[in-house]
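Report on the following structure.
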Amino acid sequence: MSNPTKPNSPSNSRQASASNPSQSNSPSGTQGSADSFTNRRSARAPSKPNEKQGLYKSLVLHALVAMVLLISVSFSPDPLPNLPSNAPTIEATFIDAQAIADKKRVEAQAQAQARAEEAEKQRQAAAAAEQKRQQALANKRAREKREAEAAEVKRQKELERLAAQKEKERKAREAKAKEDALKKQKEAAEKAEMERIMQEQLAQERAAQQQRRQKQVLTEVERYTALIQQTIKRNLYSDDSFDGKVCRLNIRLATTGFVTSIRVLDGNDALCRAAESAVRRADKLPVSDAPDVYEQLKDINLKVEL
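Once you know that position 153 of the sequence shown is 153 in full-length UniProt numbering, the rest is easy, because the numbers rise by one and skip nothing.
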């Protein structure tokens with residue numbers, strides 16, 4: 001009796017093929033199953049070394065199963081009686097578990113790839129955000145620099161404007177001061193000229209007044225001198241011997257006309273004695289109340305002649 005679990009039994013091959021939908025009962029179907037595993041393997045993202053080793057083992061196992069099925073179909077003797085249903089179920093269960101494990105690994109790798117891609121996206125997004133932030137910061141700094149430079153240019157222009165304005169005001173003050181100084185100098189010169197002219201006119205007027213007064217004084221002195229001589233002659237005792245004789249006297253008078261002293265200068269002795277006696281008898285001689293006239297009369301030299 002043949003072994004119900006013999007792998008090269010045609011019925012077993014057909015049952016295993018029927019119980020496992022992923023496998024075909026023909027050599028081409030078996031080869032397609034192996035190729036599909038190979039394609040899924042090649043489509044997977046790179047994994048760790050132990051995952052690669054497990055995948056390789058799975059591929060080798062599937063290849064061996066396909067070869068066994070191919071040989072059993074091509075060279076098997078007459079069909080064997082149906083085997084118990086539990087034998088192909090074991091093999092199908094083993095193949096399904098391997099497929100599920102492979103699927104889980106693929107899903108895990110896909111999830112890992114998705115997480116890696118998501119992490120990469122997040123990294124790229126963070127890098128882009130950082131680059132954007134850095135660019136914004138650079139733009140802000142550039143803008144602040146431009147604004148600072150513009151403010152500095154504006155400040156310098158304002159300083160230059162203020163300096164120019166101050167210089168203009170200084171020159172205006174200097175010009176005004178110079179103009180005022182010239183004006184004051186001109187006014188002072190004009191005032192000095194007017195003062196000089198006025199002083200000259202006053203001097204001329206004073207000189208004219210003095211001349212006029214001098215003439216008046218001389219006239220008054222002459223008049224009072226004549227009055228004094230007349231007073232002396234009235235008090236003089238005349239004598240025929242005095243005819244043609246002359247006597248010169250110096251008489252000093254007080255402001256009241258009182259004779260303070262008499263002195264004979266020269267002349268006829270007899271006439272001089274008589275003239276001196278005549279002055280003393282008069283006691284007072286006529287004088288002017290004007291001070292300048294009195295100055296000329298207070299110490300006077302008289303000539304007495306008959």
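Where is the CB? At the ideal position from N, CA and C, for every residue including glycine.
Ignore the nearest five residues each way along the sequence and tell me which others in residue i's own chain have a CB closer than 8 Å to its CB.
i: Asn139; result: none
i: Tyr224; result: Pro286, Val287, Ser288, Val293 and Leu297
i: Thr256; result: Lys284 and Val287
i: Leu61; result: Gln98
i: Ala290; result: Val217 and Glu220
i: Glu195; result: none
i: Ser241; result: Ala270
According to DSSP, what are the bridge partners of residue i?
i: Lys284; result: Phe258
i: Arg263; result: Asn250
Identify, in the order they occur along the chain, each residue of the same chain with its Cβ nearer than 7 Å to the Cβ of residue i, setting aside the five sequence neighbours on each side.
i: Leu227; result: Pro286
i: Ala136; result: none
i: Gln201; result: none
Between which two residues does the beta strand (DSSP E) holding residue i run?
i: Asp299; result: Asp299 to Glu305
i: Asn250; result: Val246 to Leu253
Measuring straight from C-alpha to C-alpha, what distance separates residue i and residue j?
i: Gln131; j: Glu120; result: 16 Å
i: Ala128; j: Leu64; result: 51 Å
i: Ile197; j: Arg212; result: 22 Å
i: Val279; j: Gln199; result: 47 Å
i: Glu144; j: Ala151; result: 10 Å
i: Leu265; j: Gln230; result: 19 Å
i: Arg155; j: Arg141; result: 20 Å
i: Asp96; j: Glu107; result: 16 Å
i: Gln165; j: Lys184; result: 28 Å
i: Glu179; j: Arg161; result: 26 Å
i: Ile100; j: Gln124; result: 34 Å
i: Thr260; j: Leu249; result: 13 Å
i: Lys191; j: Gln214; result: 33 Å
i: Gln113; j: Glu149; result: 51 Å
i: Ala111; j: Ala126; result: For clarity, residue 111 is Gln in the given sequence; the question names Ala instead. Going by the C-alpha atoms only, they are around 21 Å apart.
i: Lys171; j: Ala181; result: 15 Å
i: Glu193; j: Leu253; result: 47 Å
i: Gln209; j: Ala189; result: 29 Å
i: Ile262; j: Ile251; result: 5 Å
i: Arg234; j: Ala207; result: 39 Å
i: Glu174; j: Glu158; result: 24 Å
i: Gln204; j: Ser238; result: 50 Å
i: Arg133; j: Lys168; result: 51 Å
i: Glu118; j: Val153; result: 50 Å
Taking the alpha carbon of residue i as the point to measure from, which residue in the options has its own alpha carbon closest?
i: Leu302; options: Ala101, Lys178, Ala172 and Glu276; result: Glu276
i: Glu295; options: Val217, Leu306, Lys166 and Gln165; result: Val217
i: Leu236; options: Glu117, Ala203, Ala274 and Arg206; result: Ala274
i: Gly244; options: Arg133, Ile100 and Leu306; result: Leu306
i: Phe258; options: Asp239, Arg281, Glu174 and Ala163; result: Arg281
i: Glu222; options: Lys103, Lys104 and Ile300; result: Ile300
CB-CB under 6 Å to residue i, same chain, minus the five flanking residues each way: which ones, in chain order?
i: Cys247; result: Gly267, Asn268, Leu271, Cys272, Ala275 and Val304
Kindly say whether residue i, judged by its beta-carbon, lies nearer than 8 Å to any beta-carbon of chain D.
i: Arg280; result: The structure shown contains no chain D; it holds only a single protein chain.
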